[in-house]
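Colleague: Take any residue in the first sequence, count from 1 to its spot, add 74: that is its number in the working numbering.
Cβ coordinates follow ideal geometry from the N, Cα and C atoms, glycine included.
These numbers come from a predicted model, not from an experiment.
Can you read through this structure? Questions will come right after.
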Amino acid sequence: MVASLNREQQAAVEHGDGPLLVLAGAGTGKTRVLVHRIARLLESGVAPWEILAVTFTNKAAREMRERLVALCGPVAERMWIGTFHATCARLLRRWGEAIGLPRDFLIFDDDDQQKALTALIKEAGFEDQISARTIAARLDYAGNRGLDPLTAFGGPGGDYATQFLEVIVPRYRERLAREKAVDFAGLILKVLELCRHPEVGPRLAGLYRHVLVDEFQDTNLVQYELVRHLSSITRNLTVVGDDDQSIYAWRGAEPRNLLDFDRDFPDVVEIKLEENYRSTSVILDAANAVIGKNLDRRGKALWTERGGGDPIEYLACGDDRGEAETVARTLRGLVDDGACSPGDVCILYRTNAQSRPLEEQLRRFRFEPKVVGATAFFDRKEVKDAIAYLRLLANPDADSAFERVVNVPPRGIGAATVDKLREVARARDVGLLAAARATVRGHGPAFGGASLGAAARKKLGAFVDLMDGLAGVRDGGATLAELLIQVVERSGYREFLEHDDGDGADRMRNLAELVNVASDYQAETADDEPGEGGDAADGADGADAPAARGLAGFLERVALVGAADGADGRGETVTLMTIHMAKGLEFEVVFLCGMEDGLFPSLRPREETDEQAALEEERRLAYVAITRAKRVLYLASARLRRVWGELKAQMPSRFLDDIPPGCFALPRRPAATPAIPRPPAPRRAARPARDEFDQRTWDDDVPVIRHDDDEASGFAPGVTVRHQAFGRGRVVAAHGTGSQQRVVVEFPGIDPTVPMTKTIDARWLARE
DNA sequence: GGTGGTAGACTTTTT
DNA sequence: GTCTACCACC
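This is the structure:
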């Protein structure tokens with residue numbers, strides 16, 4: 075912390091006005107430069123609310139704020155640091171009314187979106203032809219690129235899915251509007267709309283004197299446009315990034331924003347940071363060798379003044395469980411020898427599914443695994459239910475929340491009743507809760523011809539009373555935590571869970587945790603309040619009832635941030651996360667698991683993505699993973715891995731071959747190689763003999779790998795196949811082998827002239 | 001309207 | 001292997 079900045083870092087910090095680009099490798103002190111630069115700006119008289127700092131994750135935002143406060147004191151607390159999404163939410167709360175967005179809008183997360191789309195698809199009678207998932211993927215794709223989902227896929231009329239999008243998308247937008255909700259993509263698009271607004275646009279452009287963006291290689295076109303607008307008056311735009319760490323191309327990130335920055339800002343000052351302060355040279359050599367194989371990159375070589383370091387250890391294990399056990403045992407050894415403490419360690423993997431065996435084995439070796447999952451906690455059903463109650467309290471027109479909770483816990487209000495309510499709601503053009511109220515308060519069953527039996531009305535009446543009672547709690551000066559307790563209590567949820575003999579107790583604990591999260595949130599924002607008041611983006615809107623305000627903020631936090639990672643005080647906590655989550659972090663000791671071809675690199679064939687580009691992105695991911703380690707790096711792989719309950723023979727990752735042999739410790743098996751035999755014969759026989767892939771064996775010191783997709787197992791293009799649900803179709807393409815085989819099949823769609831194309835697991839197909 | 005059983009999907013990666 | 005959405009049954 076006290077260490078001085080090097081020449082390049084200093085130059086970046088001291089840079090005055092005008093555009094600045096810092097192209098910085100891993101571990102070169104990127105964030106440090108940003109923090110010092112902001113501190114410098116504050117020192118030179120720029121007010122905190124005149125600075126906007128955008129980070130990629132909430133965690134990064136939190137960390138940056140902490141470092142800034144440590145460096146220049148509480149003044150930094152008055153500055154806005156946030157992700158693109160959080161920043162946009164903030165701008166919309168302040169200015170959104172200009173484009174007709176209510177101030178208390180809610181944020182639809184992916185799950186909400188999925189549910190809404192499912193309902194709309196069903197309503198339109200398309201459920202056999204298109205999935206909510208497909209439509210959501212397309213909305214996401216288009217939203218990340220600033221495209222119209224109706225024209226983004228194929229020319230006039232579009233492709234197969236477009237015909238459904240044309241019906242569903244407008245209805246989806248209506249639904250968002252009715253529920254006063256904005257989805258993730260919408261957050262940014264709506265702010266862009268604001269930027270084009272004749273009055274608000276110019277004000278936004280002048281709102282900040284300095285705009286700084288971290289991890290700029292991960293911004294997409296839409297985000298870039300926003301940044302450009304926000305900095306268009308002063309042009310004081312600082313961007314920091316590393317093209318080698320671009321790992322979000324799949325969601326529209328454009329590393330070109332970084333590399334071609336001078337196209338939009340010809341007068342940009344560019345500074346390169348290449349001296350790495352984080353890792354040993356062994357680790358750096360490995361990272362450089364891996365990334366060096368990428369062709370599409372701006373050459374940049376990391377170096378360090380320090381030499382040597384512990385060699386990288388390769389743990390070749392029997393199966394996924396054995397891998398987990400070896401990792402846990404090795405770590406236990408390190409900790410017991412005093413080589414490191416659990417808090418210094420991170421266990422990384424490519425896919426979330428890999429965490430489970432690791433968690434189990436870590437527990438077995440007396441560690442407390444902590445999985446840093448994006449949303450794990452807030453994805454729990456009971457948590458989502460409780461949140462849905464809050465959403466309905468925040469906005470009585472939140473029909474999706476109403477549908478979620480009206481019969482949770484079961485109170486005898488079934489689908490039939492809700493259907494009738496929907497009719498009433500449509501006839502009177504009100505929300506479901508209002509419709510329920512009108513129905514039970516005896517404004518008669520006359521609306522829309524819907525009639526409800528006395529029993530149904532009684533039950534519905536109880537629900538309306540419940541919500542009214544809770545609204546009373548909300549307005550009666552209760553804290554968020556108290557409100558939540560009342561929700562859980564009065565809704566009967568607690569009682570419901572208590573009588574559950576399964577995991578009811580666990581679920582109750584989750585709800586208790588949610589109450590804690592709420593109370594933390596309120597404590598936290600109470601502190602922030604004075605600081606935020608002076609903020610440029612925050613108007614004088616203190617008139618709202620405090621409870622209601624807290625509610626909207628809390629719901630926003632839940633949608634955007636998830637849980638702030640709680641204090642992991644307990645002794646032997648070890649952190650686990652995906653590589654994606656680890657970007658920007660560093661650890662003394664890193665275990666990188668699942669170093670197997672097909673898993674990492676993923677090599678998942680996807681339509682319309684260039685295979686080479688995909689592999690390069692995987693390689694960048696490997697680069698990110700390796701450079702997380704400061705001192706000690708373990709790479710682990712399994713010969714057999716359970717995928718969907720089936721054992722699969724795995725080959726070591728090709729990335730292992732890219733690492734110079736000199737970086738490794740002498741070939742050594744882990745002390746306790748689990749007694750798992752070599753891949754069973756049948757499985758090997760199942761592989762086509764001609765596949766050069768298999769030349770590699772586990773005993774090769776310098777293995778050679780080749781990979782090839784093969785279409786040899788009977789699903790060649792043109793073959794006619796049958797699927798239980800979709801009937802007869804024609805194979806267009808096939809990817810993968812064995813249980814991994816995915817086949818692209820064309821089925822006749824509703825419109826015979828427009829075929830329906832589906833990618834299906836080969837296991838569900840029969841040849842005809 | 002609630003329930004228990006089962007077929008199908010699910011495993012890239014996230015705000 | 002695990003979770004879910006849906007269906008047949010009560």
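1. Among Gly719, Leu311, Thr794 and Ile700, whose alpha-carbon lies nearest the alpha-carbon of Val364?
2. On the CB-based measure, 16 or more other CB atoms within 10 Å of its CB, does Ala617 come out buried or exposed?
3. If you draw a straight line from the C-alpha of Val109 to the C-alpha of Asp684, how long is it?
4. Taking the alpha-carbon positions, what's the Ala413 to Val419 distance?
5. Excluding the five sequence neighbours on either side, which residues of its own chain have a C-beta within less than 6 Å of the C-beta of Asp732, listed in chain order?
6. In whole angstroms, what separates the C-alpha of Asp341 from that of Asp91?
7. Going by other Cβ atoms of all chains shown within 10 Å of its Cβ, with 16 needed for buried, is Trp377 buried or exposed?
8. Taking the beta strand (DSSP E) that Lys458 belongs to, which residues open and close that run?
9. So what does Ile173 bridge to, in DSSP terms?
10. Fully enclosed by the segment 330 to 377, which beta strand (DSSP E) runs are 3 residues long or longer?
11. Buried or exposed for Asp503, please, with buried defined as at least 16 other CB atoms from any protein chain shown within 10 angstroms of its CB.
12. Would the segment 149 to 157 count as touching the segment 126 to 139 if we require 3 or more Cβ pairs under 8 Å?
13. Measuring alpha carbon to alpha carbon, tell me which residue in Arg716, Ile345, Glu273 and Asn80 is nearest Tyr351.
14. The alpha helix (DSSP H) spanning Pro443 covers which residue range?
15. Measure the CB-CB distance between Val239 and Ile195 and report whether it falls below 8 Å.
16. On the CB-based measure, 16 or more other CB atoms within 10 Å of its CB, does Glu433 come out buried or exposed?
17. From Gly392, Leu281, Asp178 and Asp202, pick the residue whose C-alpha is nearest to that of Trp123; which is it?
18. Just the Cα atoms here: how many angstroms apart are Arg88 and Glu344?
19. According to DSSP, which residues form a beta bridge with Asp731?
20. Does DSSP put Asp257 in a helix, in a strand, or in coil?
21. What is the C-beta distance between Leu97 and Asp288, in whole angstroms, given that I count them as a contact (C-beta under 8 Å)?
22. Taking the beta carbon of Glu569 as the centre, do at least 16 other beta carbons fall within 10 Å, making it buried, or is it exposed?
23. For Asp292, count the other beta carbons within 10 Å of its own beta carbon; 16 or more makes it buried, fewer makes it exposed. Which is it?
24. Taking 8 Å as the threshold (C-beta atoms), are Glu387 and Tyr708 in contact?
25. For the alpha helix (DSSP H) holding Tyr322, just list the boundary residues, first then last.
26. Please state the DSSP three-state secondary structure of Leu389.
27. Whole alpha helix (DSSP H) runs in the segment 491 to 520 with 4 or more residues, listed along the chain?
28. Should Trp169 be labelled buried (16 or more other beta-carbon atoms within 10 Å of its own) or exposed?
29. What number of angstroms, rounded off, separates the C-alpha of Asp178 from the C-alpha of Glu630?
30. Please return the same chain residues whose Cβ sits closer than 7 Å to the Cβ of Ala134, not counting the five positions on each side in sequence.
31. Since Ile262 contacts Ala198 with CB under 8 Å, what's their CB separation in whole angstroms?
32. Assuming Ala468 and Ser711 make a contact with CB atoms under 8 Å, what is their CB distance in whole Å?
33. Hey, how far is the Cα of Asn132 from the Cα of Met655?
34. Nearest to Met669 by alpha carbon, out of Gly99, Ala398 and Pro329?
35. Express the C-alpha separation of Val265 and Cys162 in angstroms, rounding to a whole number.
36. Can you name, in chain order, every residue of its own chain whose Cβ lies under 6 Å from the Cβ of Phe182, other than the five neighbours on each side?
Modeller: So, to answer that:
1. Against the first sequence, residue 364 aligns to sequence position 290. The shortest C-alpha separation from Val364 is found at Ile700.
2. Taking the first residue of the first sequence as position 1, residue 617 is located at position 543. For Ala617, the pLDDT reaches just 36, beneath the cut-off of 50, and the residue's location in the model is therefore unreliable, leaving the point undetermined.
3. As a position in the first sequence, residue 109 is number 35, starting the count at 1. As a position in the first sequence, residue 684 is number 610, starting the count at 1. Those two C-alpha atoms are separated by around 37 Å.
4. Here residue 413 refers to the residue found at position 339 of the first sequence. Here residue 419 refers to the residue found at position 345 of the first sequence. For Ala413 and Val419, the distance between alpha carbons rounds to 11 Å.
5. Counting from 1 along the first sequence, the entry for residue 732 is found at position 658. For Asp732, where only same-chain residues beyond five positions count, the Cβ hits under 6 Å are Ala363, Val364 and Lys367.
6. For this step, residue 341 is matched to residue 267 along the first sequence. For this step, residue 91 is matched to residue 17 along the first sequence. Roughly 11 Å between the two C-alpha positions.
7. Working through the first sequence from its first residue, we reach residue 377 at position 303. Exposed, since its Cβ has fewer than 16 Cβ neighbours within 10 Å.
8. Numbered from 1 along the first sequence, position 384 holds the residue referred to as residue 458. Taken as a continuous stretch (DSSP letters only), Lys458 belongs to no beta strand (DSSP E), being part of the alpha helix (DSSP H) at Lys455 to Ala468.
9. One-based indexing of the first sequence puts residue 173 at position 99. Paired residue(s): none; Ile173 is not in a bridge.
10. 343 to 347
11. Residue numbering aside, residue 503 sits at position 429 when the first sequence is read from its first letter. The residue is exposed, with fewer than 16 neighbouring Cβ atoms inside 10 Å.
12. yes
13. Taking the first residue of the first sequence as 1, we reach residue 351 at position 277. For the residues Arg716, Ile345, Glu273 and Asn80, the minimum Cα distance to Tyr351 belongs to Asn80.
14. By 1-based counting over the first sequence, the position of residue 443 is 369. From DSSP, Pro443 is part of no alpha helix (DSSP H) but of the beta strand (DSSP E) over Glu442 to Val445.
15. Within the first sequence, the letter at position 165 stands for residue 239. Within the first sequence, the letter at position 121 stands for residue 195. Residue identity differs from the one stated: residue 239 is Leu in this sequence, not Val. Not in contact: Leu239 and Ile195 (Cβ atoms no closer than 8 Å).
16. Here residue 433 corresponds to residue number 359 of the first sequence, with the count starting at 1. Under this definition Glu433 is a buried residue.
17. Within the first sequence, residue 123 is the residue found at index 49, counting from 1. Per the Cα distances, Leu281.
18. Sequence index remark: in the first sequence, residue 88 carries index 14 (1-based). Sequence index remark: in the first sequence, residue 344 carries index 270 (1-based). It is Glu, not Arg, that sits at residue 88 in the sequence shown. Distance between the alpha carbons of Glu88 and Glu344: 13 Å.
19. Here the question's residue 731 lines up with position 657 in the first sequence. None; Asp731 has no bridge partner.
20. Within the first sequence, residue 257 is the residue found at index 183, counting from 1. Strand, per DSSP.
21. Within the first sequence, numbered from 1, the residue matching residue 97 stands at position 23. Within the first sequence, numbered from 1, the residue matching residue 288 stands at position 214. Wrong, their Cβ atoms sit about 13 Å apart, outside the cutoff.
22. Locating residue 569 in the first sequence gives position 495, where the first residue counts as 1. Counting Cβ neighbours within 10 Å, Glu569 comes out exposed, since fewer than 16 surround it.
23. Position 218 of the first sequence, counted from the first residue, corresponds to residue 292. When all chains shown are included, Asp292 counts as buried.
24. On the first sequence, residue 708 is found 634 positions in, with the first residue counted as 1. On the first sequence, residue 387 is found 313 positions in, with the first residue counted as 1. Yes, they are a contact pair.
25. Residue numbering aside, residue 322 sits at position 248 when the first sequence is read from its first letter. Counting along the chain, Tyr322 falls outside any alpha helix (DSSP H), and DSSP gives it neither H nor E.
26. If you number the first sequence from 1, residue 389 lands on position 315. Correct three-state label for Leu389: strand.
27. 506 to 514
28. Counting from one through the first sequence, the residue named residue 169 turns up at place 95. Label assigned to Trp169: buried.
29. The residue labelled residue 178 in the question sits at position 104 within the first sequence. The residue labelled residue 630 in the question sits at position 556 within the first sequence. Taking the straight line from one Cα to the other gives about 10 Å.
30. Taking the first residue of the first sequence as position 1, residue 134 is located at position 60. Once the five neighbours on either side are set aside, the close Cβ partners of Ala134 are Asp288 and Gly658.
31. As a first step, residue 262 must be located in the first sequence, where it is residue number 188. As a first step, residue 198 must be located in the first sequence, where it is residue number 124. Incorrect: roughly 27 Å between the Cβ atoms, too far for contact.
32. Counting from one through the first sequence, the residue named residue 468 turns up at place 394. Counting from one through the first sequence, the residue named residue 711 turns up at place 637. Incorrect: roughly 48 Å between the Cβ atoms, too far for contact.
33. Taking the first residue of the first sequence as position 1, residue 132 is located at position 58. Taking the first residue of the first sequence as position 1, residue 655 is located at position 581. In a straight line, the C-alpha of Asn132 is about 11 Å away from that of Met655.
34. Locating residue 669 in the first sequence gives position 595, counting from the first residue. Comparing Cα positions, the closest option is Ala398.
35. For the purposes of this step, residue 162 is identified with residue 88 of the first sequence, where counting begins at 1. For the purposes of this step, residue 265 is identified with residue 191 of the first sequence, where counting begins at 1. Straight-line Cα distance between these residues: approximately 6 Å.
36. By one-based count along the first sequence, residue 182 stands at place 108. Here the set comprises Ala255 and Asp257.
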